[in-house]
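Residue numbers (my numbering), protein chains in the order written: chain P, 37 to 158; chain E, 42 to 463. Quick reminder that beta carbons are idealized off the backbone N, C-alpha and C, glycines included.
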């Protein structure tokens, strides 16, 4: 058995989580988390770490003079895909208006996850 | 002169929650004054996720959190003045403000909620040696440039201070193609949330140097290099530990200061530790009918707690304006605390007519592990909790249950202690 220590990023509490791993790498136990989110995070972090990515994307024709709109991946994506998603966003722009929840990039970097707007721009 | 029951100053998360809460508690004469052109305050540039887990039970970005509260605010039909700056407030609650459209505006309030937020500590306040080139930004300024204006402030970056905005910007600048060489923290611990160390620095292999500071800035027109040195236990630089980074940008994330010029102009008593006004458990300042909440009162880590606190302030302001005093004479029981604690908000407790538990928020001055936090009135225990770890970067709270508070009439003080838990 080996022990792995993690800091949960599920919320700002930052619980210190201990994961016990069997010799074959399977997870034996998850302790130290104070909610279910921590258990889910720890298992994902060991098996295949994922992150929500937030960024901005260029907009055109804004009445309020905005040059970009903030956006996020609708769910978390594999950690190693972060820079691929960012570079796809950099190569894209969209016309105004944009509303919260609008899809600004679908199937970002082949992750199957859409990127959606997180602010309103006229 | 226009009169309002409640005037809220500042339309960030605190002001929005206060105005909404005043409405929900029956007030139908509300004015919100905001100096920016949009409601939401600093949330608009905080495009990262992690907001709203307590309030909405989901993880939102800053602009989404702001939007939920803005929409709710507009639904109340309360009056709003945008792009309007408050100049001063008189003791009889006359507010003078200016904007481009109306010029000088004067309004009178029965109750006021102060929710002006805070600002960043600047280079001038930090005494960093070296030249004065372009390329030195507060982390929040860089955040606005990148996230709102879509402009990158630099390519090779050193960040001084490990507050949350600095950590968030380390990641943001990296994602946008900059190279963040180091995050440098004067204290032996980070001032930011643990989750941000993990997902903003460790995820991108950005080194964090604790007990280090910037001892030199080089460059004539633009930053060309920054020298970083280790500091001793008295926070003095140690000769021979210098590391020189060639870079074009230095970001400062060295603490936030509540923006209280209006509060001080009003003559309210101030708390030297928080740099905010002294408030009782109604969140009322030393000026009757003037309430404070959010980062103008004390700097918070989480917007959810700002909203919660502001909601209390808005309700109390509405009750004050409706002339429904719960008491004839307001008796305040002072809150004292042991040396591990830097401050508590509120700094006194009002028992008369209370209808719910009282939440005391506080910060400790160092890292403490396995401690028992106890709230006492004389030798009577009001509340206690065990904390595995407490750090200066994370606000703590202890709830004084209403059932226990009802039994301590006549208590002279409430004491919060921190002891080893064995």
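In chain order, what residues of the same chain lie with their CB nearer than 8 angstroms to the CB of residue i, ignoring the 5 residues before and after it?
i	result
residue 86/E	103, 181, 184, 185, 188 and 189
residue 163/E	179 and 293
residue 215/E	221, 245 and 247
residue 405/E	381, 382, 383, 431, 432, 433, 437 and 459
residue 122/P	89 and 91
residue 139/E	125, 126, 128, 145 and 146
residue 376/E	385, 387, 388, 389, 390, 401, 454, 455, 456 and 457
So, is the C-beta of residue i closer than 9 angstroms to a C-beta in chain E?
i	result
residue 102/P	yes
residue 87/P	yes
residue 148/P	no
residue 69/P	no
residue 74/P	no
residue 110/P	no
residue 97/P	no
residue 49/P	yes
residue 117/P	no
residue 106/P	yes
residue 91/P	yes
residue 94/P	yes
residue 154/P	yes
residue 122/P	yes
residue 43/P	yes
Give me the Cβ distance between residue i and residue j, rounded to the nearest whole Å; I'm assuming they're in contact under 8 angstroms.
i	j	result
residue 81/E	residue 51/E	Going by Cβ atoms, the distance from residue 81/E to residue 51/E rounds to 11 angstroms, so no, they are not a contact pair.
residue 403/E	residue 432/E	About 13 angstroms; that fails the 8 angstroms criterion.
residue 424/E	residue 439/E	5 angstroms
residue 411/E	residue 462/E	5 angstroms
residue 46/P	residue 77/P	5 angstroms
residue 348/E	residue 96/E	6 angstroms
residue 344/E	residue 84/E	7 angstroms
residue 272/E	residue 254/E	6 angstroms
residue 58/P	residue 68/P	Contact doesn't hold; Cβ gap of about 18 angstroms is too wide.
residue 226/E	residue 250/E	7 angstroms
residue 241/E	residue 209/E	6 angstroms
residue 364/E	residue 331/E	Rounded, the Cβ-Cβ distance is 16 angstroms, inconsistent with contact.
Got a sec: is the Cβ-Cβ distance from residue i to anything in chain P below 9 angstroms?
i	result
residue 236/E	yes
residue 96/E	no
residue 413/E	no
residue 226/E	no
residue 297/E	no
residue 339/E	no
residue 244/E	yes
residue 265/E	no
residue 133/E	no
residue 196/E	no
residue 102/E	yes
residue 188/E	yes
residue 216/E	yes
residue 90/E	yes
residue 108/E	yes
residue 435/E	yes
residue 239/E	yes
residue 438/E	no
residue 168/E	no
residue 191/E	yes
residue 141/E	no
Near residue i, which residues of its chain fall below 7 angstroms by C-beta distance, leaving aside the five closest residues on each side in sequence?
i	result
residue 1/P	One cannot answer for residue 1/P here, as it falls past the ends of chain P, which runs 37 to 158.
residue 50/P	43 and 44
residue 92/P	104, 105, 106 and 107
residue 398/E	440, 441, 442 and 443
Tell me which residues share the same chain as residue i and place their Cβ nearer than 6 angstroms to its Cβ, disregarding the 5 neighbours each side in the sequence.
i	result
residue 197/E	220, 288 and 289
residue 130/E	136, 303 and 307
residue 151/E	46 and 362
residue 239/E	none
residue 96/P	129 and 131
residue 92/E	101, 103, 106 and 344
residue 147/P	113 and 117
residue 270/E	256, 278, 282 and 283
residue 150/P	110, 139 and 142
residue 122/E	74
Pairing CB atoms from the segment 353 to 360 of chain E with CB atoms from the segment 50 to 65 of chain E, are three or more of them under 8 angstroms?
-> yes
Within the segment 289 to 351 of chain E, note down every full alpha helix (DSSP H) run reaching 4 residues or more, in order along the chain.
-> 302 to 306
Tell me, please, whether the segment 297 to 309 of chain E touches the segment 271 to 287 of chain E by the rule of three or more beta-carbon pairs shorter than 8 angstroms.
-> no
Check whether the segment 124 to 136 of chain P touches the segment 109 to 116 of chain P, counting contact only when three or more Cβ pairs, one atom from each stretch, lie closer than 8 angstroms.
-> no
May I have a chain-ordered list of the alpha helix (DSSP H) segments no shorter than 4 residues that lie completely inside the segment 72 to 146 of chain E?
-> 103 to 117
Those runs of the beta strand (DSSP E) which lie wholly inside the segment 235 to 263 of chain E and span at least 3 residues | 253 to 259
Okay, do the segment 167 to 174 of chain E and the segment 67 to 81 of chain E touch, 3+ Cβ pairs below 8 angstroms being the bar?
-> no
The segment 308 to 325 of chain E in contact with the segment 334 to 342 of chain E per 3-pair CB rule at 8 angstroms = yes
Ignoring anything shorter than 3 residues or poking outside the segment 123 to 155 of chain P, list the beta strand (DSSP E) runs there in chain order.
-> 129 to 131, 139 to 141 and 151 to 153
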